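S.K.: The following block contains the structure, expressed as structure tokens.
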Amino acid sequence: MEHGLFMVEGYKSVLEFINSSYQVDAIYHTASFDPKMLKLSRNINLCEISVTDMEKISSLKTPQEISATVRIPSWPVLNNAKLQKKFTIVLDGIQDPGNMGTIIRTADWFGIAQIICSADTVDVYNAKVVQASMGSLSRINVYYADLASVLPNLGLPVFGAMLNGENIYKTNFGQQGLIVMGNEGSGIRPEIARLVTAAVTIPRKGEAESLNVAIATALFCSEISRNSQNKVGGQ
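This note's numbering applies: residue 231 is where the sequence shown begins, and numbers increase by one.
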């Protein structure tokens, strides 16, 4: 990333970025891959390389036949208007790249287009994050901000995933809000927890000590989606 580029690997993910607003710098492929499959509509450098060279540049144990370098865009400016009448995921100190990528993919599945991250959350252009997002990063706006100063100014309900809160299946999420998910080990930090207007808990039935943050995020997104559909159906 020192050259302002990040790596995307695999046909489906590369295609997602080609068809997005991101600028693809170059595409690298082995002789066994037919670049005509990409149906390129813009001027992108195509480079055929050996399987050995693909193994050198790949971050995967089993490299794909195609990869691409994509330009890192300037960080988007948080626009309050884009958050109104919608739900936005807020990540407080997420460290694991796999969790981050899965959360991005989950947000994309449920139609949540905005994620706000604390400054110490893992870099969204980390190779493992990009890989785990499976192309969904091309459609999600990710912002990094000082949560303690930003959240109070957004004027939205703040739902926090916490151990001692209202049962998620009985929570009225309304039609907009911020969904705060905390660090894998320590949860939501105290200064952010104080900003939460509604603590929400996924009730535990078994003996597991905790729930993976990406799984928890998926459950929140699913329940919010179900609530919204029920409200529309009831009108």
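Cβ atoms here follow ideal geometry from the backbone N, Cα and C, with glycine treated the same way.
All figures in this text were calculated on a predicted structure; none of them were measured in a lab.
From G407 to T427, what distance separates their C-alpha atoms?
M.R.: As a working note, residue 407 is residue 177 in the sequence shown. As a working note, residue 427 is residue 197 in the sequence shown. The alpha-carbon atoms of G407 and T427 are separated by roughly 10 angstroms.
S.K.: Near M284, which residues of its chain fall below 6 angstroms by C-beta distance, leaving aside the five closest residues on each side in sequence?
M.R.: Within the sequence shown, numbered from 1, the residue matching residue 284 stands at position 54. Contacts found: T260, P293.
S.K.: Return helix, strand or coil for I370, following the three-state DSSP convention.
M.R.: Here the question's residue 370 lines up with position 140 in the sequence shown. In this structure, I370 counts as coil in the three-state DSSP scheme.
S.K.: List the DSSP bridge partners of D322.
M.R.: Within the sequence shown, numbered from 1, the residue matching residue 322 stands at position 92. BP columns for D322 point to G412.
S.K.: Could you round the C-beta distance between I334 and L367 to whole angstroms and report it? I think they count as a contact, below 8 angstroms.
M.R.: As a position in the sequence shown, residue 334 is number 104, starting the count at 1. As a position in the sequence shown, residue 367 is number 137, starting the count at 1. Their Cβ separation, rounded to whole angstroms, is 5 angstroms, which keeps I334 and L367 in contact under 8 angstroms.
S.K.: A343 to T318, Cα distance in whole Å?
M.R.: Within the sequence shown, residue 343 is the residue found at index 113, counting from 1. Within the sequence shown, residue 318 is the residue found at index 88, counting from 1. The alpha-carbon atoms of A343 and T318 are separated by roughly 7 angstroms.
S.K.: What do you get for Y399, buried or exposed, if any count of 16 or more other CB atoms within 10 angstroms of its CB means buried?
M.R.: Residue mapping note: residue 399 aligns to position 169 of the sequence shown, counting from 1. Classification for Y399: exposed.
S.K.: Out of S262, S250, I324, T447, state which residue places its alpha-carbon closest to the alpha-carbon of A391.
M.R.: Position 161 of the sequence shown, counted from the first residue, corresponds to residue 391. Comparing Cα-Cα distances from A391 to each of S262, S250, I324, T447, the minimum goes to T447.
S.K.: Name the residue from A311, L377, E295, I370 whose alpha carbon lies nearest to the alpha carbon of L425.
M.R.: In the sequence shown, counting from the first residue as 1, residue 425 sits at position 195. It is L377.
S.K.: How would you write the range of the beta strand (DSSP E) that E295 sits in, first residue to last?
M.R.: The residue you call residue 295 lines up with position 65 of the sequence shown. That residue, E295, is in no beta strand (DSSP E); it is neither H nor E in DSSP.
S.K.: CA-CA distance, L213 and A423?
M.R.: The structure shown does not extend to residue 213, since the chain spans only 231 to 465, so no value can be given for it.
S.K.: Thinking N329 and V443 are a contact (beta carbons under 8 angstroms), I'd like their distance in whole angstroms, please.
M.R.: Within the sequence shown, residue 329 is the residue found at index 99, counting from 1. Within the sequence shown, residue 443 is the residue found at index 213, counting from 1. The pair is a contact, with the Cβ atoms about 5 angstroms apart (cut-off 8 angstroms).
S.K.: I'd like to know whether the C-beta atoms of A429 and G395 end up nearer to each other than 7 angstroms.
M.R.: Along the sequence shown, read from residue 1 onward, the residue named residue 429 stands at position 199. Along the sequence shown, read from residue 1 onward, the residue named residue 395 stands at position 165. Result yes, Cβ atoms of A429 and G395 sit closer than 7 angstroms.
S.K.: Roughly how many whole angstroms lie between the Cα atoms of T401 and E414?
M.R.: For this step, residue 401 is matched to residue 171 along the sequence shown. For this step, residue 414 is matched to residue 184 along the sequence shown. Taking the straight line joining both Cα atoms gives about 23 angstroms.
S.K.: D350 to S288, Cα distance in whole Å?
M.R.: Residue numbering aside, residue 350 sits at position 120 when the sequence shown is read from its first letter. Residue numbering aside, residue 288 sits at position 58 when the sequence shown is read from its first letter. Roughly 26 angstroms separates the two Cα atoms.
S.K.: Count the other C-beta atoms from every protein chain shown that fall within 10 angstroms of the C-beta of V372, then say buried if there are 16 or more, exposed otherwise.
M.R.: For the purposes of this step, residue 372 is identified with residue 142 of the sequence shown, where counting begins at 1. The residue is buried, with at least 16 neighbouring Cβ atoms inside 10 Å.
S.K.: Measuring CB to CB, does E295 end up less than 7 angstroms from S262?
M.R.: What you label residue 295 is simply residue 65 of the sequence shown in a count that begins at 1. What you label residue 262 is simply residue 32 of the sequence shown in a count that begins at 1. Closer than 7 angstroms, so yes.
S.K.: Using 7 angstroms as the threshold, is the C-beta distance between I257 and I274 below it?
M.R.: Taking the sequence shown and counting its residues from 1, the one referred to as residue 257 is at position 27. Taking the sequence shown and counting its residues from 1, the one referred to as residue 274 is at position 44. Going by C-beta atoms, I257 is nearer than 7 angstroms to I274.
S.K.: Report the option in Y252, K435, P433, I248 whose CA atom is closest to the CA atom of R301.
M.R.: Along the sequence shown, one-based indexing puts residue 301 at 71. For R301, the nearest C-alpha among the options comes from Y252.
S.K.: Can you tell me where the beta strand (DSSP E) with S379 in it begins and where it stops?
M.R.: In the sequence shown, the residue the question calls residue 379 occupies position 149. Taken as a continuous stretch (DSSP letters only), S379 belongs to no beta strand (DSSP E), being part of the alpha helix (DSSP H) at 377-380.
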